[in-house]
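Participant: Dropping a structure here in structure tokens format, bear with me for questions.
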Amino acid sequence: MHEFNIGLLVIAASALVLGLLSKPLKRIGLPDAFTLLLLGIVLGPTGIGLLDPAKWGKEMVILEQVARLALAIGLMGIAMRLPRSYIFHHWRSLSVLLLVGMVFMWLCSSALTGWILGLPMGAALLIGAAVTPTDPVVASSVVTGNVAKENLPAYLRRIISSESGANDGLAFIFVMVGVFVLTLPPGESMTMHVLEVIVGDVLVALVIGVVIGYAVGFALRKAEEKKVIEQSSMLMITTALALMTLAAVKLMGSDGILAVFVAGLAFDCQVNASERQEEERVVEGVDRFFTSPIFILLGLMIPVNEWLSLGWPALALIVAILLFRRLPLLLLLGGRMRDLPSKLDGGFAGWFGPIGVAALYYAALAHHKTDVTELWPVVSLLVVSSIVVHGLTAMPFSHLYRRLKKS
1 MHEFNIGLLV IAASALVLGL LSKPLKRIGL PDAFTLLLLG IVLGPTGIGL
51 LDPAKWGKEM VILEQVARLA LAIGLMGIAM RLPRSYIFHH WRSLSVLLLV
101 GMVFMWLCSS ALTGWILGLP MGAALLIGAA VTPTDPVVAS SVVTGNVAKE
151 NLPAYLRRII SSESGANDGL AFIFVMVGVF VLTLPPGESM TMHVLEVIVG
201 DVLVALVIGV VIGYAVGFAL RKAEEKKVIE QSSMLMITTA LALMTLAAVK
251 LMGSDGILAV FVAGLAFDCQ VNASERQEEE RVVEGVDRFF TSPIFILLGL
301 MIPVNEWLSL GWPALALIVA ILLFRRLPLL LLLGGRMRDL PSKLDGGFAG
351 WFGPIGVAAL YYAALAHHKT DVTELWPVVS LLVVSSIVVH GLTAMPFSHL
401 YRRLKKS
């Protein structure tokens with residue numbers, strides 16, 4: 001209980017400080033994720049040892065649940081920021097990024113991991129799947145705030161956001177393929193298991209998410225028409241919608257991550273113009289508060305000794321993943337897609353495909369299903385590297401984008 005109160009104090013105090021200093025932190029390009037990660041490292045076993053998650057229970061169980069909640073809030077925030085019916089108007093670009101892009105990122109990440117670290121195919125496929133999705137929480141530092149709005153066009157910010165929102169849930173398919181490769185008995189067909197995941201987890205989650213989101217939005221609109229509520233609170237409603245969808249879909253046996261995103265999109269279709277303005281005011285603040293704990297927890301849990309045991313190949317893997325996991329494909333697509341109309345747009349979107357909370361969630365999820373000892377050390381190393389590199393380059397690269405766009 002003593003450590004719980006210390007942890008609660010740290011989370012609340014850090015959120016308060018980040019809120020009070022939000023403008024100067026944005027001005028110097030110091031993202032929240034990076035600051036909170038450093039705080040966790042300092043307070044954890046690697047630093048002064050004030051907090052130790054190993055004493056709280058099963059670390060991976062804690063990580064999975066905290067990451068799950070952070071993703072739910074982050075995905076709802078993205079759904080609220082996108083224009084109404086954005087997904088339907090831009091489905092061609094999203095289809096390419098999700099179908100072609102995710103497969104490329106998975107296979108590329110897996111091949112690099114297996115080659116550089118010398119891992120067997122199953123372990124490489126699982127690690128590659130965990131780091132495939134672009135992260136909505138870390139990506140928010142690129143697409144929100146005054147710096148982003150002043151330097152990046154709306155179409156670029158929206159395609160980065162929408163892709164990161166959709167691919168988090170779809171990555172579950174690739175993660176489960178990696179799990180099946182490692183766990184299915186020899187000779188047992190994988191096809192039926194994969195189809196069960198696609199239908200029983202992904203498609204069912206999509207349907208449930210749409211139904212819940214539309215129903216809540218419809219109920220809100222009718223309640224306002226009947227004047228049975230004094231004033232709608234988008235902060236309360238959207239947060240409750242995210243958590244309700246996450247829990248309901250999980251209880252039904254499907255993956256709740258994708259369901260939350262589509263629930264937010266369906267809900268948004270029912271919201272009127274004045275409520276959308278309220279959404280814009282509350283979404284970013286809610287995201288920052290509810291996603292803070294996961295980065296502190298990551299800092300507390302970093303496996304420094306396991307990182308060191310990987311040796312120099314770990315550094316090569318970091319460079320290879322950051323440069324080749326996504327950037328070559330998006331450069332190729334730049335100028336060939338409506339939402340990436342130039343090579344500059346493709347290069348920017350290709351660089352800013354951060355690895356973050358989704359990777360932590362899937363690493364923790366797969367940890368319960370497999371015995372790949374390299375899973376957590378490698379995934380956590382890539383997540384921390386992405387938070388640092390992508391976080392610190394967000395502001396200077398945004399300014400560079402604007403200068404190159406004008407030249």
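Residue 1 is where the sequence shown starts when you use the UniProt record's numbering, and the numbers rise one by one after that.
Glycine included, each C-beta is placed from N, C-alpha and C at the ideal position.
1) Distance check for G311 and M80, CA to CA, integer angstroms please.
2) Taking only the alpha-carbon atoms, compute the straight-line gap between L299 and V388 and give it to the nearest angstrom.
3) When burial is assigned at 16 or more other CB atoms within 10 Å of the CB, is N146 buried or exposed?
4) In chain order, what residues of the same chain have a beta carbon less than 6 Å from the beta carbon of residue 412, not counting five sequence neighbours either side?
5) Three-state secondary structure (DSSP) at L243?
6) How is L152 classed by DSSP in three states: helix, strand or coil?
7) On the criterion of 16 or more Cβ atoms from any shown chain inside 10 Å, does V378 qualify as buried, or is it exposed?
8) Taking the continuous alpha helix (DSSP H) assigned at T393, which residues delimit it?
9) Decide if E188 is buried, meaning its Cβ has at least 16 other Cβ atoms within 10 Å, or exposed.
10) Are at least three pairs of beta-carbons, each pair with one atom in the stretch 333 to 342 and one in the stretch 125 to 134, less than 8 Å apart?
11) Pair every Cβ in the stretch 164 to 176 with every Cβ in the stretch 359 to 375, then say whether three or more of these pairs are closer than 8 Å.
12) For S385, which residues in the same chain have their Cβ closer than 6 Å to its Cβ, ignoring the five residues on either side in sequence?
13) What span of residues does the alpha helix (DSSP H) with G40 cover, start to end?
14) Would you mind listing the alpha helix (DSSP H) stretches within the stretch 82 to 153 that are 4+ residues and don't spill past its ends, in chain order?
15) Can we say the stretch 136 to 150 touches the stretch 160 to 168, given the rule of at least three CB pairs closer than 8 Å?
16) Short check: CB of L50 to CB of E374, under 9 Å?
17) Checking 9 Å against the spacing of the C-beta atoms, do G353 and M190 come in under that value?
18) W307 lies in the alpha helix (DSSP H); which residues open and close that run?
19) May I ask you to report which of helix, strand or coil DSSP gives M190?
20) When you compare only the Cα positions, how much space is there between I41 and V260?
21) Whether or not the stretch 235 to 253 and the stretch 208 to 215 are in contact is what I'm after, with contact meaning three or more pairs of Cβ atoms, one per stretch, closer than 8 Å; do they touch?
22) Which residues does DSSP list as the beta-bridge partners of M236?
23) Among A316, A349, A314 and P313, which one has its Cα closest to the Cα of L329?
24) What first and last residue would you give for the alpha helix (DSSP H) that runs through I212?
25) Suppose the cutoff is 8 Å on Cβ atoms and the five residues either side in sequence are ignored; what does the same chain contact list for M252 look like?
26) Drop a sphere of 10 angstroms on the beta-carbon of V383, count the other beta-carbons inside from all chains shown, and report buried for 16 or more, exposed for fewer.
27) Spatial neighbours of L405 within its chain, please: CB distance less than 7 Å, with the 5 preceding and 5 following residues excluded, ordered by chain position.
28) State buried or exposed for V61, treating a residue as buried only when at least 16 other CB atoms are found within 10 Å of its CB.
29) By the 10 Å Cβ neighbour count, where 16 or more other Cβ atoms means buried, how is F290 classified, buried or exposed?
30) Taking C-beta to C-beta, are A242 and A263 nearer than 9 Å?
31) Measure how close the beta-carbons of V357 and I294 come, nearest whole angstrom, since I'm counting them as under 8 Å.
32) For F397, which option in V143, D268 and I159 has the closest C-alpha, if you only look at C-alpha atoms?
33) Would you kindly check if the distance between the Cβ of P133 and the Cβ of D168 is under 9 Å?
34) Going by DSSP, name the residue or residues bridged to L340.
35) Between D255, N151 and E306, which has its C-alpha nearest G196's C-alpha?
36) Between V304, S407, L39 and V271, which has its C-alpha nearest S85's C-alpha?
Facilitator: Let's see:
1) Numbered from its first residue, the sequence shown carries residue 80 at position 80. Numbered from its first residue, the sequence shown carries residue 311 at position 311. In a straight line, the C-alpha of M80 is about 43 Å away from that of G311.
2) For the purposes of this step, residue 299 is identified with residue 299 of the sequence shown, where counting begins at 1. For the purposes of this step, residue 388 is identified with residue 388 of the sequence shown, where counting begins at 1. The question names Leu, yet the displayed sequence has Gly at residue 299. If I take the Cα positions, the gap works out to 12 Å.
3) Residue numbering aside, residue 146 sits at position 146 when the sequence shown is read from its first letter. The residue in question, N146, is exposed, as its Cβ has fewer than 16 Cβ neighbours within 10 Å.
4) A query on residue 412 cannot be resolved here, the shown segment of the chain reaching from 1 to 407 and no further.
5) Numbered from 1 along the sequence shown, position 243 holds the residue referred to as residue 243. DSSP places L243 in helix when its eight states are reduced to three.
6) Along the sequence shown, read from residue 1 onward, the residue named residue 152 stands at position 152. In this structure, L152 counts as coil in the three-state DSSP scheme.
7) Taking the sequence shown and counting its residues from 1, one reaches residue 378 at position 378. Per the 10 Å Cβ criterion, buried.
8) In the sequence shown, counting from the first residue as 1, residue 393 sits at position 393. Where T393 is concerned, the enclosing alpha helix (DSSP H) stretches over L375 to K406.
9) Walking along the sequence shown from the start, residue 188 turns up at place 188. Exposed, since its Cβ has fewer than 16 Cβ neighbours within 10 Å.
10) no
11) yes
12) The residue you call residue 385 lines up with position 385 of the sequence shown. Excluding sequence neighbours, S385 sits near I318.
13) Here residue 40 refers to the residue found at position 40 when the sequence shown is read from its first residue. D32 to L43 is the extent of the alpha helix (DSSP H) around G40.
14) 86 to 89, 91 to 95, 102 to 117, 121 to 130, 136 to 143 and 145 to 151
15) yes
16) Residue mapping note: residue 50 aligns to position 50 of the sequence shown, counting from 1. Residue mapping note: residue 374 aligns to position 374 of the sequence shown, counting from 1. Contact: no.
17) One-based indexing of the sequence shown puts residue 353 at position 353. One-based indexing of the sequence shown puts residue 190 at position 190. No, they are not a contact pair.
18) For the purposes of this step, residue 307 is taken as the residue at position 307 of the sequence shown. It spans V304 to L310 - the alpha helix (DSSP H) in which W307 sits, taken as one unbroken run.
19) Along the sequence shown, one-based indexing puts residue 190 at 190. M190: coil per DSSP, three-state reduction.
20) Here the question's residue 41 lines up with position 41 in the sequence shown. Here the question's residue 260 lines up with position 260 in the sequence shown. Spanning the two alpha carbons is a distance of roughly 30 Å.
21) yes
22) The residue you call residue 236 lines up with position 236 of the sequence shown. Partner(s): none; M236 has no beta bridge.
23) Stepping through the sequence shown from its first residue, residue 329 is reached at position 329. Closest by alpha carbon: A349.
24) For this step, residue 212 is matched to residue 212 along the sequence shown. Its alpha helix (DSSP H) spans residues V204 to K226.
25) Within the sequence shown, the letter at position 252 stands for residue 252. Result list for M252: V204 and I208, in chain order.
26) Position 383 of the sequence shown holds residue 383. The residue in question, V383, is buried, as its Cβ has 16 or more Cβ neighbours within 10 Å.
27) Locating residue 405 in the sequence shown gives position 405, counting from the first residue. The displayed chain sequence assigns Lys, not Leu, to residue 405. Taken in chain order, the residues that qualify are L344.
28) Counting from one through the sequence shown, the residue named residue 61 turns up at place 61. V61 should be labelled exposed.
29) Here residue 290 corresponds to residue number 290 of the sequence shown, with the count starting at 1. With 16 or more Cβ atoms within 10 Å of its Cβ, F290 is classed as buried.
30) Against the sequence shown, residue 242 aligns to sequence position 242. Against the sequence shown, residue 263 aligns to sequence position 263. Going by C-beta atoms, A242 is nearer than 9 Å to A263.
31) The count along the sequence shown starts at 1 and reaches residue 357 at position 357. The count along the sequence shown starts at 1 and reaches residue 294 at position 294. Indeed they touch by this definition, with Cβ atoms about 6 Å apart.
32) Position 397 of the sequence shown, counted from the start, is the residue given in the question as residue 397. Ranking the options by Cα distance to F397, first place goes to V143.
33) Position 168 of the sequence shown holds residue 168. Position 133 of the sequence shown holds residue 133. It is a contact, given that the beta carbons lie within the stated cut-off.
34) Along the sequence shown, one-based indexing puts residue 340 at 340. The partner list for L340 (beta bridge, DSSP) reads M337.
35) By one-based count along the sequence shown, residue 196 stands at place 196. The displayed chain sequence assigns Glu, not Gly, to residue 196. Nearest C-alpha to E196: D255.
36) Residue mapping note: residue 85 aligns to position 85 of the sequence shown, counting from 1. Nearest C-alpha to S85: V271.
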